[in-house]
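Colleague:
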Amino acid sequence: GNSVTQMEGPVTLSEEAFLTINCTYTATGYPSLFWYVQYPGEGLQLLLKATKADDKGSNKGFEATYRKETTSFHLEKGSVQVSDSAVYFCALRIDRGSTLGRLYFGRGTQLTVWP
Amino acid sequence: KAGVTQTPRYLIKTRGQQVTLSCSPISGHRSVSWYQQTPGQGLQFLFEYFSETQRNKGNFPGRFSGRQFSNSRSEMNVSTLELGDSALYLCASTWKGDEKLFFGSGTQLSVL
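Residue numbers (the numbering used here), protein chains in the order written: chain A, 34 to 148; chain B, 3 to 114.
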């Protein structure tokens, strides 16, 4: 089946520290991969995506590379800020065409950044 | 451009009651999907609608239903509420063929 496994949180870092959140997946086809972020009291926002192997998604200093050989899509940022504190979700999407919106999510990783 | 709007923001119901949640997608988006978010199960897909037709359904009991109107607005209904239905219900919309989903802020349902 299709599933996403991401590292358990919470993750607590000091400002300017390096961030890695691990994400691996199992998929029946060739998925597109996503990282979503959820700030307190809000819905999810797309952070970055990659649609094929070796693609690198990037946004706001965050990066993730689609690794087909290791079925991974780890999220990284070189220097986190207090404003990055949020819950991060890794997700995959298999279906295109008639099934447009179904995402398979990981359990989420709470990130807290201290000044 | 307005985002995805979900109403109400909060709901408190008692066991056995039914509830209807509303979602207005971004203008021009014809696909709407619903997710349930709980601390124990995380984010789980409920169903997806496109052009008033349900295209996909997650693994939820028949008490959970939905529909989409001709203006793409969507509603989901939960009948005979159970304590375990307490959750944040998120709606997302997208343009056909686009892989970016836009999420609303959700409806927080509490079942007492």
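Glycine included, every Cβ here is placed at the ideal spot set by N, Cα and C.
(1) Any C-beta of chain A within less than 7 angstroms: which residues of the region 34 to 58 of chain B qualify?
(2) Beta strand (DSSP E) containing residue 63/A: first to last residue?
(3) Decide if residue 50/B is buried, meaning its Cβ has at least 16 other Cβ atoms within 10 Å, or exposed.
(4) Should the region 118 to 128 of chain A be called in touch with the region 63 to 77 of chain A, which here means at least 3 C-beta pairs below 8 angstroms?
(5) Decide if the region 55 to 74 of chain A is in contact with the region 83 to 90 of chain A; the criterion is three or more beta carbon pairs, one per stretch, under 8 angstroms apart.
(6) Three or more C-beta pairs under 8 angstroms: does that hold for the region 89 to 98 of chain B against the region 38 to 57 of chain B?
(7) With 7 angstroms set as the bound, which would you pick, yes or no: does the beta-carbon of residue 126/B sit closer than that to a beta-carbon of chain A?
(8) From which residue to which residue does the beta strand (DSSP E) around residue 93/A run?
(9) Using only the alpha-carbon positions, how far apart do residue 59/B and residue 49/A sit?
(10) To which residues of the same chain is residue 40/A closer than 8 angstroms at the C-beta, ignoring the five residues directly before and after it?
(11) Taking only beta carbons into account, state which residues of the region 85 to 99 of chain B come closer than 7 angstroms to chain A, listed in chain order.
(12) With 16 as the cutoff for other CB atoms within 10 Å, does residue 8/B come out buried or exposed?
(13) Is the beta carbon of residue 148/A sitting closer than 7 angstroms to the one on residue 115/A?
(14) With a cut-off of 7 angstroms, does the C-beta of residue 138/A fall near any C-beta of chain B?
(15) For residue 84/B, which option in 14/B, 18/B, 33/B and 69/B has the closest C-alpha, if you only look at C-alpha atoms?
(16) In whole angstroms, give me the CA-to-CA distance for residue 69/B and residue 45/B.
Modeller: Taking the definition as stated:
(1) Flagged, chain order: 35, 44, 45, 47, 50, 52, 57 and 58.
(2) Neither: residue 63/A is in no beta strand (DSSP E) and is coded neither H nor E.
(3) Residue 50/B is buried by the Cβ-count criterion.
(4) Touching, yes.
(5) Three or more Cβ pairs drawn from the region 55 to 74 of chain A and the region 83 to 90 of chain A lie within less than 8 angstroms of each other, which places the two stretches in contact.
(6) The answer is yes - the region 38 to 57 of chain B touches the region 89 to 98 of chain B, with three or more Cβ pairs under 8 angstroms.
(7) Nothing can be reported for residue 126/B, as the shown portion of chain B is limited to 3 through 114.
(8) Residue 93/A -> no beta strand (DSSP E), and no H or E assigned at all.
(9) The alpha-carbon atoms of residue 59/B and residue 49/A are separated by roughly 42 angstroms.
(10) For residue 40/A, where only same-chain residues beyond five positions count, the Cβ hits under 8 angstroms are 54, 55, 56 and 142.
(11) 92, 94, 96 and 98: these are the residues of the region 85 to 99 of chain B whose beta carbon lies less than 7 angstroms from some beta carbon of chain A, given in chain order.
(12) Answer is buried; the Cβ neighbour count reaches 16.
(13) For residue 148/A and residue 115/A, yes; Cβs fall inside 7 angstroms.
(14) Chain B places a beta carbon closer than 7 angstroms to that of residue 138/A, counting this residue as a contact.
(15) Of the candidates 14/B, 18/B, 33/B and 69/B, the one whose C-alpha sits nearest the C-alpha of residue 84/B is 18/B.
(16) Residue 45/B has its alpha-carbon roughly 20 angstroms from the corresponding atom of residue 69/B.
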